[in-house]
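Engineer: Submitted below is the structure of interest, expressed as structure tokens.
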Amino acid sequence: MKSMKKFLAFLCAAVLLCACLPLSAGAEPVTITVYNWGQYISDGTDGYIDVNAAFTEATGIEVNYVTFDSNETMYTRLKTGGSSYDVIIPSDYMIGRLIAEDMLEELNFDNIPNYQYIDEAYKNTSYDPENKYSVPYTWGTVGIIYNTKYVDEADVGSWDLLWNEKYSGKILMFDNPRDAFAAAEQLLGIDINTESSEDLRAAAEKLAEQQPLVQQYVMDQIYDKMQNEEAWAAPYYAGDYLMMVEENPDLAFSFPKEGFNLFIDAMCIPKGCQNKEAAEAYINFLCDPEICAQNLEYLGYSAPSTAAREYMDPESASNPIAYPSEDILALGESFNYLPTEVNQEMDSLWLEVKTGSLSPESGGSQNMALYIAIAAVVVLVVVFLLIRGSQKKKKANRGTH
Amino acid sequence: MRRSTWLSGPYILWMAIFTIIPLGVVVWFAFTDGAGHFTLDNVLRLGDYLPIFLRSVWMALAAALICLVIGYPAAYYIAGRSPMAQRFLYMLIMLPMCMSFLLRTLAWVALLEDTGIINGFLEALGFTPLHLIRNDGAVILGMVYNYLPYMILPLYTVLLKIDPRLIEAAQDLGCTGAQVFQKVTLPLSVPGIVSGFTMVFVPAISTFYISQKLGSTSSILIGDVIESQFKGAYNFNLGAAMSLGLMVIVFVCTAVMHRFTGDEEVVTL
Chain A
540 MKSMKKFLAF LCAAVLLCAC LPLSAGAEPV TITVYNWGQY ISDGTDGYID
590 VNAAFTEATG IEVNYVTFDS NETMYTRLKT GGSSYDVIIP SDYMIGRLIA
640 EDMLEELNFD NIPNYQYIDE AYKNTSYDPE NKYSVPYTWG TVGIIYNTKY
690 VDEADVGSWD LLWNEKYSGK ILMFDNPRDA FAAAEQLLGI DINTESSEDL
740 RAAAEKLAEQ QPLVQQYVMD QIYDKMQNEE AWAAPYYAGD YLMMVEENPD
790 LAFSFPKEGF NLFIDAMCIP KGCQNKEAAE AYINFLCDPE ICAQNLEYLG
840 YSAPSTAARE YMDPESASNP IAYPSEDILA LGESFNYLPT EVNQEMDSLW
890 LEVKTGSLSP ESGGSQNMAL YIAIAAVVVL VVVFLLIRGS QKKKKANRGT
940 H
Chain B
387 MRRSTWLSGP YILWMAIFTI IPLGVVVWFA FTDGAGHFTL DNVLRLGDYL
437 PIFLRSVWMA LAAALICLVI GYPAAYYIAG RSPMAQRFLY MLIMLPMCMS
487 FLLRTLAWVA LLEDTGIING FLEALGFTPL HLIRNDGAVI LGMVYNYLPY
537 MILPLYTVLL KIDPRLIEAA QDLGCTGAQV FQKVTLPLSV PGIVSGFTMV
587 FVPAISTFYI SQKLGSTSSI LIGDVIESQF KGAYNFNLGA AMSLGLMVIV
637 FVCTAVMHRF TGDEEVVTL
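In order, the protein sequences belong to chains A and B. Quick note: the first sequence uses the working numbering, first residue 540, plus one each step. Quick note: the second sequence uses the working numbering, first residue 387, plus one each step.
If you want it as structure tokens, here you go:
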């Protein structure tokens with residue numbers, strides 16, 4: 540009897556304890572989903588900080604971290620829905636597009652006090668003029684990475700290196716329309732924010748001219764290809780060059796003399812976010828000068844905050860590739876937001892470039908091809924019917940014998 | 387009769403939900419524009435991509451033919467071994483399929499690259515390196531490697547089922563080995579050839595990853611174009627129209643193929 544009572548008491552205690560446990564542990568742990576570029580956060584390799592782990596330790600908020608390889612991929616993902624993200628880190632022009640299409644939440648800057656450390660130069664930008672939707676994560680430049688072992692120094696310095704037949708099959712190219720068009724436009728002396736159809740077509744034709752020389756259109760795969768010398772020249776972001784050169788010291792970086800893209804990648808909260816406050820806490824954490832310094836020292840990208848640069852080791856904080864001189868920076872141009880129709884036009888021209896089907900001018904040839912297609916189908920169907928008919932006849936003959 | 391209809395109910399339901407309805411969605415996307423209005427533009431634009439369609443058909447046919455040439459003798463050999471050996475060889479054929487298709491393709495990249503394993507080997511032996519990757523041949527190689535089991539397995543099953551008494555009868559009646567093969571084995575294995583050919587051709591024609599990894603920038607296939615319409619360009623309508631076009635090509639090709647075998651039951655389009 541006594542033991543029965545004891546057992547019941549134990550059972551009650553156990554039940555109570557179980558009921559209390561989740562409460563005392565702070566209910567269910569909050570998880571946020573962060574959607575960022577690949578290879579774009581310090582993840583604890585080579586003794587550097589693991590930013591997401593440090594954030595979880597500081598706040599108790601879990602981070603579900605996923606990556607994309609181009610702004611366009613990210614845009615398609617957001618647009619098609621099916622998954623929700625709390626923090627995204629796209630580039631300037633894409634933020635402009637997301638704002639115009641009402642896909643971003645306004646940020647509550649009371650939860651992001653570290654915003655004060657961001658330099659004035661990275662506020663009131665053309666893509667987010669009122670600083671309502673985004674907090675700069677990094678900035679950087681686009682240039683040409685090349686291998687000094689194979690590329691003649693005399694050929695370096697201009698975008699035309701990527702059109703140089705000497706290096707046919709050893710050239711990589713951006714696998715996203717905006718960066719690829721910018722390279723062609725700068726080579727042709729066209730404004731990289733052009734909205735005119737003729738300009739876009741001219742750039743597309745220039746890219747089509749390059750297509751046979753290109754080994755592959757790549758984004759993150761550029762790391763492998765350049766490091767193991769499968770390719771010799773490629774346009775990419777300066778910060779990634781600084782990571783690559785640590786693996787292969789023969790790589791060099793050049794700022795094209797015709798100009799280059801100067802970009803800002805910024806943190807935003809998309810509509811449909813599940814936990815806005817936690818997302819803002821994450822943004823705030825990444826703006827913390829000490830965290831920002833440790834993160835960017837690993838990444839090689841440039842810090843949008845002078846306060847953070849003070850925490851870096853002086854060599855990284857004054858690296859001429861990450862923080863180029865005023866003269867070079869003067870050649871940089873930022874992307875502006877382009878209207879949706881222009882983006883779509885660029886997307887479809889880009890696809891034609893990549894598939895080698897850029898029609899000289901729409902019209903005649905298009906219809907020709909269609910007629911050929913219809914004719915081919917008709918011929919096939921006729922052949923099909925003929926064979927069927929002859930076989931039926933054979934069978935019928937066989938039957939009579 | 388009624389009972390067998392009732393038994394196929396779950397499959398019919400499955401097919402309705404996961405085949406018929408999605409197919410309807412594809413058709414709907416193919417004939418509408420971004421705003422959901424009816425348009426023929428997407429279908430008319432397919433003409434622009436005709437060279438890519440034709441290249442895809444050509445590459446898939448080449449891959450299927452090579453698979454047949456390699457796969458038939460292999461299946462014939464396996465079917466003639468002892469049951470023990472058969473099980474072992476069957477497993478060997480299946481084994482590569484246990485690994486991710488993406489990994490297998492990436493492994494080929496590492497092998498064939500200019501700075502890859504094969505060229506490293508050649509250079510170490512003092513030969514001049516070869517340019518092996520980024521051409522149509524490499525893409526076909528990738529397809530053959532990935533889809534060969536789909537050719538061997540149906541052939542093996544059919545060859546195994548051939549009644550050995552038929553072969554013995556042919557031998558008794560004075561056929562030489564070659565004649566037995568030509569007059570008995572080969573005709574009886576035609577259903578296996580057709581189904582193996584189809585099982586290689588259909589995935590090969592819609593291949594997309596292999597051509598990006600092993601092909602050059604000009605050996606892009608229709609599968610790659612469809613992928614980029616959905617992944618990057620955000621033009622579902624054109625992508626759906628292309629998928630529809632591809633489906634028509636596949637239907638026509640398989641129909642013609644089945645015609646040649648005279649197998650009435652298979653062709654129920």
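Each residue gets a CB set at the ideal place from its N, CA and C atoms; glycine is no exception. Predicted, not measured: the structure shown is a model, and the values here were computed from it.
Just the chain B side, please: which residues come within less than 8 Å of Q750 (chain A) by C-beta, in chain order?
Structural biologist: Simply T603, S604.
Engineer: Along chain A, which residues have their Cβ under 9 Å away from the Cβ of I438 (chain B)?
Structural biologist: Residues of chain A passing the Cβ test: T894, G895, S896.
Engineer: Count the other C-beta atoms from every protein chain shown that fall within 10 angstroms of the C-beta of G586 (chain A), then say buried if there are 16 or more, exposed otherwise.
Structural biologist: Answer is exposed; the Cβ neighbour count stays below 16.
Engineer: Distance cutoff 8 Å, beta carbons only. Does R490 (chain B) sit that close to anything in chain A?
Structural biologist: Not closer than 8 Å to any Cβ of chain A, the Cβ of R490 (chain B) fails to qualify, so no.
Engineer: Along the stretch 731-762 of chain A, what residues have a CB closer than 7 Å to any CB found in chain B?
Structural biologist: Within the stretch 731-762 of chain A, the residues whose Cβ lies closer than 7 Å to some Cβ of chain B are Q750, P751, V753, Q754, Q755, Y756, listed in chain order.
Engineer: Going by alpha carbons, who is nearest to P550 (chain B) out of B:M485, B:G466, B:P459?
Structural biologist: Looking at the Cα atoms, B:G466 is the closest of the given residues.
Engineer: Which residue's Cα is closest to the Cα of M806 (chain A): A:E819, A:E596, A:I761?
Structural biologist: The option with the nearest alpha carbon to M806 (chain A) is A:E819.
Engineer: I571 (chain A) to L746 (chain A), Cα distance in whole Å?
Structural biologist: Taking the straight line from one Cα to the other gives about 40 Å.
Engineer: Kindly indicate if chain A contains any beta-carbon less than 8 Å away from that of D500 (chain B).
Structural biologist: True, the Cβ-Cβ gap to chain A drops below 8 Å.
Engineer: Following the continuous alpha helix (DSSP H) through M765 (chain A), name the residue where it begins and the one where it ends.
Structural biologist: Looking at the DSSP string, the run of the alpha helix (DSSP H) that includes M765 (chain A) is 761-766.
Engineer: Measuring straight from C-alpha to C-alpha, what distance separates I406 (chain B) and G618 (chain B)?
Structural biologist: Their backbone Cα atoms lie some 27 Å apart in a straight line.
Engineer: Cα-Cα, which of B:Y620, B:S597, B:I591, B:Q598 is closest to D634 (chain B)?
Structural biologist: One point to set straight first is that residue 634 (chain B) is Val, not Asp, in the sequence displayed. Among B:Y620, B:S597, B:I591, B:Q598, the Cα nearest to that of V634 (chain B) belongs to B:I591.
Engineer: Within 10 Å of its beta-carbon, does V674 (chain A) have 16 or more other beta-carbons around it, so buried, or fewer, so exposed?
Structural biologist: Buried is the call here.
Engineer: Beta carbons nearer than 9 Å to chain A: which residues of the stretch 615-648 of chain B have them?
Structural biologist: Under the 9 Å Cβ criterion, the stretch 615-648 of chain B contributes Q615, F616, K617, G618, A619, Y620, N621, F622, L624, G631, V634, I635, V638, C639, A641, V642, R645, F646, G648.
Engineer: Could you tell me whether the stretch 696-705 of chain A touches the stretch 830-843 of chain A, where touching means 3 or more Cβ pairs closer than 8 Å?
Structural biologist: Touching, no, given that fewer than three Cβ pairs across the two stretches are closer than 8 Å.
Engineer: Report yes if the C-beta distance between A847 (chain A) and Y656 (chain A) is below 8 Å; otherwise report no.
Structural biologist: Cβ atoms of A847 (chain A) and Y656 (chain A): closer than 8 Å.
Engineer: Between which two residues does the beta strand (DSSP E) carrying A772 (chain A) extend?
Structural biologist: A772 (chain A) -> beta strand (DSSP E) spans 772-776.
Engineer: Just the Cα atoms here: how many angstroms apart are I808 (chain A) and L877 (chain A)?
Structural biologist: Roughly 21 Å between the two C-alpha positions.
Engineer: Using the three-state DSSP reduction, which class does P668 (chain A) fall into: helix, strand or coil?
Structural biologist: Three-state DSSP puts P668 (chain A) in coil, outside helix and strand.
Engineer: Near L897 (chain A), which residues of its chain fall below 8 Å by C-beta distance, leaving aside the five closest residues on each side in sequence?
Structural biologist: Only A743, E744, A747, L888, E891 meet the Cβ criterion.
Engineer: Determine the chain A residues that contact R473 (chain B) at a beta-carbon separation under 7 Å, and present them in chain order.
Structural biologist: What R473 (chain B) touches in chain A: nothing, since even the nearest Cβ is about 39 Å away.
Engineer: For a contact meaning CB atoms closer than 8 Å, what does V611 (chain B) contact in chain A?
Structural biologist: Going along chain A in sequence order, the residues near V611 (chain B) (Cβ under 8 Å) are L890, T894.
Engineer: If you run the structure through DSSP and keep just helix, strand and coil, what is G523 (chain B)?
Structural biologist: It is helical.
Engineer: Does the Cβ of T491 (chain B) have 16 or more other Cβ atoms within 10 Å, making it buried, or fewer, making it exposed?
Structural biologist: T491 (chain B) is buried by the Cβ-count criterion.
Engineer: Going by CA-CA distance only, name the one from A:T879, A:E836, A:V917, A:S841 that's closest to Y632 (chain A).
Structural biologist: Cα-wise, what sits closest to Y632 (chain A) is A:T879.
Engineer: In angstroms, rounded to a whole number, what distance separates the CA positions of L711 (chain A) and Q749 (chain A)?
Structural biologist: Their Cα atoms are separated by approximately 10 Å.
Engineer: How big is the Cα-Cα spacing for G621 (chain A) and I548 (chain B)?
Structural biologist: Computed Cα separation, rounded: 51 Å.
Engineer: Where Y661 (chain A) and D625 (chain A) are concerned, what is the direct C-alpha to C-alpha distance, given to the nearest angstrom?
Structural biologist: Between Y661 (chain A) and D625 (chain A), the C-alpha separation is close to 23 Å.
Engineer: Taking 8 Å as the CB-CB cut-off, is L562 (chain A) touching chain B?
Structural biologist: At L562 (chain A) the pLDDT is 45, less than 50, meaning the model places this residue with poor confidence and gives no usable figure here.
Engineer: Can you list, in chain order, the residues of the stretch 607-621 of chain A whose Cβ is nearer than 8 Å to any Cβ on chain B?
Structural biologist: Within the stretch 607-621 of chain A, the residues whose Cβ lies closer than 8 Å to some Cβ of chain B are S609, E611, T612, Y614, T615, K618, listed in chain order.
Engineer: Only counting the same chain, and skipping five residues up and downstream in sequence, which positions put a Cβ closer than 7 Å to that of F616 (chain B)?
Structural biologist: Answer for F616 (chain B): F622, G625, listed in chain order.
Engineer: Does any residue of chain A bring its CB to less than 8 Å from the CB of E651 (chain B)?
Structural biologist: Unreliable placement is indicated for E651 (chain B), whose pLDDT of 43 sits below 50; no coordinate value is reported for it.
Engineer: Determine the direct distance from the alpha carbon of Y775 (chain A) to that of F713 (chain A), and round the result to whole angstroms.
Structural biologist: Roughly 7 Å separates the two Cα atoms.
Engineer: Classify N823 (chain A): buried if its beta carbon has 16 or more other beta carbons within 10 angstroms, exposed otherwise.
Structural biologist: It is buried - the Cβ of N823 (chain A) has at least 16 other Cβ atoms within 10 Å.
Engineer: Against chain A, with Cβ distances strictly below 8 Å, would R520 (chain B) count as a contact?
Structural biologist: It does; some Cβ of chain A falls within 8 Å.
Engineer: Buried or exposed: A555 (chain B), going by 16 or more other Cβ atoms within 10 Å of its Cβ?
Structural biologist: By the neighbour-count rule (16 or more Cβ atoms within 10 Å), A555 (chain B) is not buried but exposed.
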